[in-house]
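In structure tokens, the structure reads:
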């Protein structure tokens, strides 16, 4: 088994849930069937990813699933998926079983792994070329009702109620800009993203010169006193 932290194994499990949604199989709960899908279709053998049992253990430890002969993802995981990932799915024809071509399944695998690869590339670039990467470009700026410090936003909350940080994507240029996509570079525990029009690649938003569009970052945690990491990035 690949030696990997519980946090990273949980991330792999959440990506597997994402894959099930994108291939229209989130309804499957049988443990053996999910194991076969994980091993045969999702697991990247060349990358030596963790085995199915260790991923389930990490998900259970993080209260993301219930275990037994059937596996059920918690409602919070389902909501987080819908809030952060599913909104920009391409609507492709359904996958076909019995050995026939499965275009949507292949597309789902490609999208999940492409996002993981892109996230890793951008996280590494933030370490080496941060100033250039977070700078305003092509007349597009990102503002907030909280102060930015080197591209980071820090905040404190003294209650267990939901806390909202507003981000505004603004077109400060002279030509229209098409806003099509945003996503966290990694799963954000206790954080959820949403916008009024549900902007996706299939539902883009045109920002005319001077227009701004609000994205909400919602934070909710029942425990207080933790130091919130500064390394939270959006693309």
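Residue numbers (the working numbering): 1 to 235.
Every residue gets a Cβ at the ideal spot worked out from N, C-alpha and C, and that includes glycine.
(request) Return the CA-CA distance between residue 56 and residue 36, expressed in angstroms with no decimal places. (result) Your numbering for residue 56 matches position 56 in the chain shown. Your numbering for residue 36 matches position 36 in the chain shown. So the two alpha carbons sit approximately 13 Å from each other.
(message) Which residue marks the beginning of the alpha helix (DSSP H) containing residue 31, and which one marks its end?
(response) Residue mapping note: residue 31 aligns to position 31 of the chain shown, counting from 1. It spans 31 to 37 - the alpha helix (DSSP H) in which residue 31 sits, taken as one unbroken run.
(message) Under DSSP, the alpha helix (DSSP H) around residue 56 begins and ends at which residues?
(response) Within the chain shown, the letter at position 56 stands for residue 56. Unbroken alpha helix (DSSP H) run through residue 56: 52 to 61.
(request) Would you list the residues sitting across from residue 143 in a DSSP beta bridge? (result) For the purposes of this step, residue 143 is taken as residue 143 along the chain shown, with counting starting at 1. DSSP lists 168 as partners of residue 143.
(request) Pull up the CB-CB distance for residue 171 and residue 204, whole angstroms please, since I reckon it's below 8 Å. (result) Sequence index remark: in the chain shown, residue 171 carries index 171 (1-based). Sequence index remark: in the chain shown, residue 204 carries index 204 (1-based). In fact, because the Cβ distance is near 13 Å, the residues do not count as touching under 8 Å.
(message) Let me confirm a value: residue 9 is counted as buried when at least 16 other C-beta atoms fall within 10 Å, else exposed. Which label applies?
(response) Locating residue 9 in the chain shown gives position 9, counting from the first residue. Residue 9 comes out buried.
(request) Identify whether residue 201 lies in helix, strand or coil by the three-state DSSP scheme. (result) Taking the chain shown and counting its residues from 1, the one referred to as residue 201 is at position 201. If DSSP states are grouped into helix, strand and coil, residue 201 belongs with coil.
(message) Between which residues of its own chain and residue 206 is the CB-CB distance below 7 Å, once the five residues before and five after are set aside?
(response) Along the chain shown, one-based indexing puts residue 206 at 206. Answer for residue 206: 176 and 178, listed in chain order.
(request) Run the CB neighbour count on residue 21, radius 10 Å, all protein chains shown included, and call it buried at 16 or more, exposed below. (result) Position 21 of the chain shown, counted from the start, is the residue given in the question as residue 21. Residue 21 comes out buried.
(message) Once the 5 residues before and after residue 7 are set aside, which same chain residues still bring their CB inside 6 Å of it?
(response) Looking up residue 7 in the chain shown gives position 7. The answer is none, since no qualifying residue turns up.
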